[in-house]
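K.L.:
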Amino acid sequence: MFRRLLLLAATALSTSAVAAPVDDTVAKAIATMTLEEKAAQLQNTAPANPKVGIPAFDWWNEGLHGLARNGYATVFPQAIGLAATWDAELLGKVGDVVATETRAKFNTKPANADRRIFEGLTIWSPNINIFRDPRWGRGQETYGEDPHLTGTLGVAFVKGLQGPDPSQPKVIATPKHLAVHSGPEAGRDSFDVDPSPQDLESTYLPAFRQTIMEGHAQSVMCAYNSIHGVPVCALPSLMVDRVRKDWGFKGFTVSDCDAVANVHMFHHYRLDAVGAAAASLKGGTDLNCGNTYAALPEAVKRGLVTEAEIDTSLARALEGRRMLGTAFGASSKWASIKPDQVNTPEHRALALEAARKAIVLLKNDNAILPLKQGTRIAVIGPNADDLGVLEASYKGAALNPVTPLDGLRHQFGPQNVTYAQGSVLVDGAAVTMPETAFTADGKPGLKAEYFATSTVTGNPVATRQDRRVDFNFARTSPLPQLDPKSFAARWTGQFVPPGAGRYVLAIDMPACWKDCTRHDEVRLWIDGKPVHQGLLGKQRVEIPYTSDGKPVDFRLELDHYGEDEGLRMMWQAPDQPLFQQALAATANADVIVAMVGLTADLEGEALQVTVPGFVGGDRTEIELPLIQRRLLQALRDTGKPVVVVLTSGSAVTIDPAMADAMLAAWYPGEEGGTAIAETLVGLNNPSGRLPVTIYQKTSDLPAFVDYGMKERTYRFFSGTPLYGFGHGLSYTSFSYDRIKAKAVDIKSDVKVTARVRNSGKLAGDEVVQAYVVPPAAKGPRTMTTPVLQRELVAFTRTSLKPGKDAEINFSLDPRSLSIVARDGTRTVQPGTYKLWIGGGQPGTAPGVWTEFTLQGEAWELPK
Numbered sequence: 040m041f042r043r044l045l046l047l048a049a050t051a052l053s054t055s056a057v058a059a060p061v062d063d064t065v066a067k068a069i070a071t072m073t074l075e076e077k078a079a080q081l082q083n084t085a086p087a088n089p090k091v092g093i094p095a096f097d098w099w100n101e102g103l104h105g106l107a108r109n110g111y112a113t114v115f116p117q118a119i120g121l122a123a124t125w126d127a128e129l130l131g132k133v134g135d136v137v138a139t140e141t142r143a144k145f146n147t148k149p150a151n152a153d154r155r156i157f158e159g160l161t162i163w164s165p166n167i168n169i170f171r172d173p174r175w176g177r178g179q180e181t182y183g184e185d186p187h188l189t190g191t192l193g194v195a196f197v198k199g200l201q202g203p204d205p206s207q208p209k210v211i212a213t214p215k216h217l218a219v220h221s222g223p224e225a226g227r228d229s230f231d232v233d234p235s236p237q238d239l240e241s242t243y244l245p246a247f248r249q250t251i252m253e254g255h256a257q258s259v260m261c262a263y264n265s266i267h268g269v270p271v272c273a274l275p276s277l278m279v280d281r282v283r284k285d286w287g288f289k290g291f292t293v294s295d296c297d298a299v300a301n302v303h304m305f306h307h308y309r310l311d312a313v314g315a316a317a318a319s320l321k322g323g324t325d326l327n328c329g330n331t332y333a334a335l336p337e338a339v340k341r342g343l344v345t346e347a348e349i350d351t352s353l354a355r356a357l358e359g360r361r362m363l364g365t366a367f368g369a370s371s372k373w374a375s376i377k378p379d380q381v382n383t384p385e386h387r388a389l390a391l392e393a394a395r396k397a398i399v400l401l402k403n404d405n406a407i408l409p410l411k412q413g414t415r416i417a418v419i420g421p422n423a424d425d426l427g428v429l430e431a432s433y434k435g436a437a438l439n440p441v442t443p444l445d446g447l448r449h450q451f452g453p454q455n456v457t458y459a460q461g462s463v464l465v466d467g468a469a470v471t472m473p474e475t476a477f478t479a480d481g482k483p484g485l486k487a488e489y490f491a492t493s494t495v496t497g498n499p500v501a502t503r504q505d506r507r508v509d510f511n512f513a514r515t516s517p518l519p520q521l522d523p524k525s526f527a528a529r530w531t532g533q534f535v536p537p538g539a540g541r542y543v544l545a546i547d548m549p550a551c552w553k554d555c556t557r558h559d560e561v562r563l564w565i566d567g568k569p570v571h572q573g574l575l576g577k578q579r580v581e582i583p584y585t586s587d588g589k590p591v592d593f594r595l596e597l598d599h600y601g602e603d604e605g606l607r608m609m610w611q612a613p614d615q616p617l618f619q620q621a622l623a624a625t626a627n628a629d630v631i632v633a634m635v636g637l638t639a640d641l642e643g644e645a646l647q648v649t650v651p652g653f654v655g656g657d658r659t660e661i662e663l664p665l666i667q668r669r670l671l672q673a674l675r676d677t678g679k680p681v682v683v684v685l686t687s688g689s690a691v692t693i694d695p696a697m698a699d700a701m702l703a704a705w706y707p708g709e710e711g712g713t714a715i716a717e718t719l720v721g722l723n724n725p726s727g728r729l730p731v732t733i734y735q736k737t738s739d740l741p742a743f744v745d746y747g748m749k750e751r752t753y754r755f756f757s758g759t760p761l762y763g764f765g766h767g768l769s770y771t772s773f774s775y776d777r778i779k780a781k782a783v784d785i786k787s788d789v790k791v792t793a794r795v796r797n798s799g800k801l802a803g804d805e806v807v808q809a810y811v812v813p814p815a816a817k818g819p820r821t822m823t824t825p826v827l828q829r830e831l832v833a834f835t836r837t838s839l840k841p842g843k844d845a846e847i848n849f850s851l852d853p854r855s856l857s858i859v860a861r862d863g864t865r866t867v868q869p870g871t872y873k874l875w876i877g878g879g880q881p882g883t884a885p886g887v888w889t890e891f892t893l894q895g896e897a898w899e900l901p902k
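So for the sequence shown, my numbering puts the first residue at 40; every next one is plus one.
(1) For G711, report the span of its alpha helix (DSSP H) as first-last.
(2) Between E224 and G656, is the Cβ-Cβ spacing less than 7 Å?
(3) Report buried or exposed for T732, applying the criterion of at least 16 other Cβ atoms within 10 angstroms of its Cβ.
(4) Can you look up Y243 in the DSSP assignment and give me helix, strand or coil?
(5) Below 8 Å on the Cβ atoms is my guess for A118 versus G199; work out the distance and round it to an integer in Å.
(6) Need the endpoints of the alpha helix (DSSP H) that H303 sits in, please.
(7) To which residues of the same chain is G747 closer than 8 Å at the C-beta, ignoring the five residues directly before and after it?
(8) I need the straight-line Cα distance from E596 to A645, nearest angstrom please.
(9) Could you give the distance in angstroms between the alpha-carbon of T759 and the alpha-carbon of A696?
(10) Nearest-angstrom Cα distance between V57 and E358?
(11) Using only the alpha-carbon positions, how far apart do Q504 and L665 sit?
(12) Terminal residues of the continuous beta strand (DSSP E) containing Y753?
(13) Contact check, I876 vs V887 under 8 Å by CB: the rounded distance?
(14) Which partner residues does L595 have in the DSSP bridge list?
(15) Assuming G708 and P116 make a contact with CB atoms under 8 Å, what is their CB distance in whole Å?
(16) V344 and L320 - do their beta-carbons sit closer together than 7 Å?
(17) Tell me the DSSP bridge mates of F367?
(18) I need the DSSP call for L44, collapsed to helix, strand or coil.
(19) Thinking C-beta only, is L685 closer than 7 Å to I631?
(20) CA-CA distance, W530 and S516?
(21) Tell me the DSSP secondary structure of M72 in three-state form.
(22) What is the residue span of the alpha helix (DSSP H) that R854 lies within?
(23) Which runs of the beta strand (DSSP E) fall wholly inside the stretch 801 to 881 and span at least 3 residues, in chain order?
(24) Where does C272 fall in DSSP's three states?
(25) For S772, which residues in the same chain have their Cβ closer than 7 Å to its Cβ, ignoring the five residues on either side in sequence?
(26) Does the distance from the C-beta atom of I211 to that of Q249 stay below 7 Å?
(27) Classify D598: buried if its beta carbon has 16 or more other beta carbons within 10 angstroms, exposed otherwise.
(28) With a CB to CB cut of under 7 Å and the five nearest residues on each side skipped, what residues in its chain are close to V456?
(29) Any Cβ of chain E within less than 7 Å of the Cβ of A394?
(30) Is D62 helix, strand or coil by DSSP?
(31) Can you tell me whether E899 is buried or exposed, with buried defined as 16 or more other CB within 10 angstroms of its CB?
(32) Mapping DSSP to helix, strand and coil, what is T494?
(33) Could you give the residue range of the alpha helix (DSSP H) that holds V682?
(34) Quick check: the Cα distance between F96 and A79, rounded to an integer number of angstroms?
(35) Sorted by chain position, which residues of the same chain lie with C-beta nearer than 6 Å to R829's C-beta, five sequence neighbours on each side aside?
(36) Measuring alpha carbon to alpha carbon, tell me which of D603, K396 and S857 ends up nearest R108.
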């Protein structure tokens, strides 16, 4: 029987031309399973099946920029920040650390132990969707707007995750979300995308092709949206014909969570769950994140799908588990990774390196940066001292995180740093209450007492001063001696409003939504009066409070029972008292460092937020929110130099006149504050480059729901951006010469050399970028609409000391030089190509032009 299954695994689903070889153990297991047991294994929360040697296993785990949602882990810059490094080698190292820490936690239990959500070895990362529009809230999870940059970094990250041996992957990577997926978030469950064949081939598919064909990703995730009316997870022309036939993919596919249910519930592509399950499995989706595949046995009874087709998908999935060593008693060479290999000094050093390299110097008038050691600094802004700014979305819990305020105090000395929050992020949205809002024992913050029980009873096991109530408790505890599933805390002191007015205090708790047995309870007293007791309900309770500006007693208690993921004390404070507090903090400062931007509370996945400029996790405006613009103007009006540090996951437009210098730091991870401080003082020479275009205004953009690439990204935008893709300054300068391009014919690589020289006075890294302008296409079949302005075809980093130079070598393959016609065909055209090598796009940075000519007939490339 199992021999027949072995054959079926290789040949069933007649639309599939490529299948992975299946081990006899897997085939034997499938042969003994009932149809219901098979369907259960094809859902993300797969039960144990002792008779075939399968422990319980949840396929769902995340590792976008560090192992997520499973306790302390190294937290790297958010993906968009990693993209700003333009460093593929670094991305490979980050992927390797994510895999190591995933294995380290996995190895705390026996190999045959049951695994719940976020404990497995199938990592649903990277997100390689193209960040086509800066309004998309999940764009922070991507590697930016360019297919080549995205694909190159995606390949490196996938290889880092999976390791060098395909037969024994360290973890299995899952590029997502295939394909043409980038908002709006509010309609993602039912949104239909109608990309042209040209945009599909030239923009939306290349990075997926790269991560599969070059990175050898062993899994891939299909998206929520439909394409031309067919839900992607049920689209065989993409999931089978393109992915398996054209690209030779041999791994298993998985749906985005509940995307199979969406096939009937929101897309209305099928009448019920049975039809949706059958259409998705036949359409190329092996695993269902969700439970709709529980309907597969009924689908077999109705004749909508065959058991052989189910066996094929199951064989792919179980073969992945066998290779990982999570089923059938299989072993893994990665079982030797010690459980203590989490957030090691080496891993933390890599997080710092990534944060340093991610910082983009946007402007630096009169070389105001770097600052001198001992400069008196006023740190102002809502993002100066907020844990969420470091961690962003899809994160682990950072151990000893360094906020920008922490970093600046350490670097410049606390005596040289004054601080004020200055404003909220946007009118109507709460931010974390700053240390200045509390006092205890004459110090900023609150007295914190921690208890080794789930309720605030008895004597505390530890007492300390917490500057703010801003914690990530996802499978963690605030102190090593406390059980992550059972502790309590009490914070006491005084609430010190910055002035009279109406405040809205908010208790915020990211509540557990999987494996929950009991939610935490919170109690709050203000001025001796109880204002909240018990559960939070919708995870955030808002408490209006009118203050006369005088301090009042404050007490907050938490009873922690298990899986709720944190606690924050937040507020919406009146504008003028915050402004006045900020201006007072600048009185004796030499320089103002304005920490402004966004947070993952405003931009992110399907958020329940509607405030000016933001809706559902997306943005409606790309400009810095009005309240922060007003704060910047007030700081500018002091006449003191202003350095803006922008933290965000997307392009934010800020009037350059509002600052003497401006840095983009993204969401910089656990060592973000250290990297920012080192950059401001010159210990780190900024070398990041923009992975996105920063447009001048929202009206520069086409409609958000329009997935056509006309007037989108640097490749097709005909206007003048505020800061272009690839832009980034340095504290030193670079020059280029000696460029040569050796071309043979359209089927051969073009060999390119150039020299880059550090012509400045400081050591620094240069990101060398190569852009091609192809010859004008001829004939109706080769006409390109939208018009391609230029295209990134290669990049590299080089470190140079002052006066030193380096030879840069690129090999440009035919695909990188190809163009895509309206009908989606990709060809290399004969003719003369223009090639730019420089530190940014042509005309925006030092660099040199050359030309080369390709001889021969037009050559159509495979899909």
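C-beta: ideal position from N, C-alpha, C; glycine also.
P.N.:
Short version:
(1) Per DSSP, G711 belongs to the alpha helix (DSSP H) from G711 to V720.
(2) A contact, by the Cβ cut-off of 7 Å.
(3) By the Cβ-count criterion, T732 is buried, with 16 or more other Cβ atoms from all chains shown falling within 10 Å of its own Cβ.
(4) For Y243, the three-state secondary structure derived from DSSP is helix.
(5) With a Cβ gap of about 13 Å, A118 and G199 do not count as contacting.
(6) Looking at the DSSP string, the run of the alpha helix (DSSP H) that includes H303 is A298 to M304.
(7) Only P234, S235, D238, P741 and P825 meet the Cβ criterion.
(8) Computed Cα separation, rounded: 30 Å.
(9) Distance between T759 and A696, taken at the CA atoms: about 17 Å.
(10) In this predicted model, V57 has a pLDDT of only 48, less than 50, meaning its place in the structure is not dependable; the value taken from the coordinates is given anyway. Near 15 Å, if we compare the C-alpha coordinates of E358 and V57.
(11) Cα-Cα distance, rounded: 34 Å.
(12) Residue range T752 to F755 is occupied by the alpha helix (DSSP H) that includes Y753, with no beta strand (DSSP E) assigned at that position.
(13) So it is a contact: roughly 6 Å between Cβ atoms.
(14) Residue pairing of L595 in beta bridges, as defined by DSSP: W530 and L563.
(15) Approximately 4 Å separates the beta-carbon atoms of G708 and P116; this is inside 8 Å, confirming the contact.
(16) For L320 and V344, yes; Cβs fall inside 7 Å.
(17) DSSP lists no partner for F367.
(18) Low local confidence applies: a pLDDT of 42 at L44 is under 50, so the model's placement there is unreliable, and no value is given.
(19) Cβ atoms of I631 and L685: not closer than 7 Å.
(20) Computed Cα separation, rounded: 16 Å.
(21) Assignment of M72 by DSSP, reduced to helix, strand and coil, places it in the coil class.
(22) In the DSSP assignment, R854 falls within the alpha helix (DSSP H) that extends over P853 to L856.
(23) For the beta strand (DSSP E) assignment, the uninterrupted runs of no fewer than 3 residues enclosed by the stretch 801 to 881 are, from N- to C-terminal side, 803 to 812, 830 to 839, 844 to 851, 865 to 867 and 870 to 877.
(24) Under the three-state reduction of DSSP, C272 is assigned to helix.
(25) For S772, same chain residues with a beta-carbon under 7 Å away, outside a window of 5 residues either side, are S798 and G799 in chain order.
(26) No, these two residues do not count as a Cβ contact at 7 Å.
(27) Under this definition D598 is a buried residue.
(28) Hits under 7 Å: I416, V418, L447 and R448.
(29) The chain labelled as chain E is not found in the depicted structure, where only one protein chain is given.
(30) In this structure, D62 counts as coil in the three-state DSSP scheme.
(31) Answer is exposed; the Cβ neighbour count stays below 16.
(32) When secondary structure is reduced to three states using DSSP, T494 falls in the coil class, being assigned neither helix nor strand.
(33) Secondary structure note for V682: it is in no alpha helix (DSSP H), and the uninterrupted beta strand (DSSP E) holding it is V681 to T686.
(34) Note on geometry: alpha-carbon atoms of F96 and A79 lie some 11 Å from one another.
(35) Within the same chain, R829 has close Cβ partners Y810 and V812.
(36) Among D603, K396 and S857, the Cα nearest to that of R108 is on D603.
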